[in-house]
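Residue numbers for the sequence shown, in the working numbering: 1 to 332.
Heads up, the beta-carbon is just placed ideally off N, CA and C, and yes, glycines get one too.
Since this is a predicted model, take the numbers as computed values, not measurements.
Below is one structure, written out as structure tokens; comments come after it.
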Amino acid sequence: MEPRTVVLTGCAGFIGCKVAELLLHAGHLVVGIDNLNDAYDVRLKQRRLDQILHHPSFQFHQLDISDRAALSAPFEAACGPHGRGPVAVINLAARAGVRQSVEDPWVYYDTNVTGTLNLLDLCRTLGINKFILSSTSSLYGQNNQLPYREDANTDAPLSPYAASKKAAETLCYTYHYLYGIDVTVFRYFTVYGPSGRPDMSLFRFVQWISEEHQVLVYGDGQQSRDFTFVDDIARGTIAGLKPLGYEVINLGSDAPVVLMDAIRLIEALIGKKAVIVNTARHPADVSATWADISKARRLLDWQPHSTFQDGVGALVRWYQANREWAMHVSTG
Numbered sequence: 001m002e003p004r005t006v007v008l009t010g011c012a013g014f015i016g017c018k019v020a021e022l023l024l025h026a027g028h029l030v031v032g033i034d035n036l037n038d039a040y041d042v043r044l045k046q047r048r049l050d051q052i053l054h055h056p057s058f059q060f061h062q063l064d065i066s067d068r069a070a071l072s073a074p075f076e077a078a079c080g081p082h083g084r085g086p087v088a089v090i091n092l093a094a095r096a097g098v099r100q101s102v103e104d105p106w107v108y109y110d111t112n113v114t115g116t117l118n119l120l121d122l123c124r125t126l127g128i129n130k131f132i133l134s135s136t137s138s139l140y141g142q143n144n145q146l147p148y149r150e151d152a153n154t155d156a157p158l159s160p161y162a163a164s165k166k167a168a169e170t171l172c173y174t175y176h177y178l179y180g181i182d183v184t185v186f187r188y189f190t191v192y193g194p195s196g197r198p199d200m201s202l203f204r205f206v207q208w209i210s211e212e213h214q215v216l217v218y219g220d221g222q223q224s225r226d227f228t229f230v231d232d233i234a235r236g237t238i239a240g241l242k243p244l245g246y247e248v249i250n251l252g253s254d255a256p257v258v259l260m261d262a263i264r265l266i267e268a269l270i271g272k273k274a275v276i277v278n279t280a281r282h283p284a285d286v287s288a289t290w291a292d293i294s295k296a297r298r299l300l301d302w303q304p305h306s307t308f309q310d311g312v313g314a315l316v317r318w319y320q321a322n323r324e325w326a327m328h329v330s331t332g
């Protein structure tokens with residue numbers, strides 16, 4: 001892939017930072033945007049950002065994508081003296097989390113819907129012809145056949161988070177249809193790995209078992225998740241920069257893991273037993289997720305490289321190396 005200028009929103013996020021690293025390593029100029037909000041411990045975001053902040057091909061702008069007026073500045077700055085602006089936008093800025101969205105749906109719509117609309121319209125006005133949206137497996141809801149295919153029904157989202165991503169996807173199609181923007185929508189399946197989001201189950205389990213806290217399990221722990229390692233997700237996202245027209249593509253492991261089996265693996269890696277406390281299943285949670293990734297294989301020549309055991313091992317090693325401060329990170 002020839003060097004290009006890419007606008008990357010959510011660049012201090014879990015997935016965003018890894019995407020930025022891979023783009024920079026490949027020789028691209030990355031215009032990074034992140035508002036560094038306090039949806040979870042900002043120390044995680046700042047530490048990720050510090051890894052790329054001083055790279056000569058990285059430009060950082062701290063702003064909110066829902067602020068349309070402020071958002072135009074980094075695009076204009078990226079044009080440079082010769083007027084050659086960005087050729088692609090990768091929108092990874094999002095409010096994520098199923099349960100939290102039930103408590104405050106408005107902030108999810110500000111970022112996930114209005115923010116996406118702002119970026120799409122900048123693509124229209126500036127002639128940027130490639131747009132990538134991070135979406136979610138949460139769109140598949142409760143009643144679709146497993147494994148989930150991209151053409152499954154997504155009209156019954158169980159949370160405001162899923163609904164906001166559905167709205168963002170439909171905006172992407174509208175801008176593709178009206179203005180010819182090449183759009184790739186990725187539905188990510190339960191991303192995990194080192195320096196991950198602390199509200200996600202695997203970060204929680206590693207911290208709670210390490211510090212001998214109670215391990216909260218919703219329901220009976222027999223629900224399964226298609227856990228996908230962050231490096232695999234980042235590779236797939238960048239592969240989506242190729243021209244595809246308009247496509248929705250699953251990125252998952254195609255290997256669901258039962259939650260209690262994940263806990264047992266973490267116990268073995270840490271060398272401590274979990275003190276499990278069961279509580280009622282949240283109504284916004286689904287019982288299982290499982291990605292059909294045949295489309296990603298066919299269109300992107302992509303498939304996951306990391307096994308679940310290797311990925312969780314990397315997460316545990318990261319936690320142990322950063323335990324002095326990571327043990328105090330709130331898991332929400």
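Taking the Cβ atoms as the reference, L92 lies roughly 18 angstroms from S57, outside the contact range of under 8 angstroms.
CA-CA distance, S138 to E211, rounds to 30 angstroms. Contiguous alpha helix (DSSP H) elements confined to the segment 6-67 occur at 14-25 and 42-50, taking only those with 4 or more residues. By the beta-carbon neighbour count (other beta carbons within 10 angstroms, threshold 16), R197 is buried. Three or more Cβ pairs drawn from the segment 240-256 and the segment 182-190 lie within less than 8 angstroms of each other, which places the two stretches in contact. Sorting D67, Q142 and V98 by C-alpha distance to the C-alpha of Y161 places V98 at the top. Contiguous beta strand (DSSP E) elements confined to the segment 82-123 occur at 88-91, taking only those with 3 or more residues. Residues L244, E247 and I249 of the same chain have their beta carbon placed closer than 7 angstroms to that of L299, with the five preceding and five following residues left out of the count.
Taking a 10 Å sphere around the C-beta of H305, we find fewer than 16 other C-beta atoms and assign the residue as exposed. Counted as a single uninterrupted DSSP element, the alpha helix (DSSP H) harbouring E169 occupies residues P160 to Y179.
Fewer than three Cβ pairs drawn from the segment 222-238 and the segment 162-179 lie within less than 8 angstroms of each other, which leaves the two stretches out of contact.
Put simply, the backbone Cα of E103 is about 13 angstroms away from that of P283. Assigned with DSSP and collapsed to three states, A284 falls in coil, not helix or strand. Non-local beta-carbon contacts of R204 in its own chain, meaning distances under 6 angstroms to residues more than five positions away in sequence, involve T331 in chain order. Under DSSP, K130 shares a beta bridge with D182.
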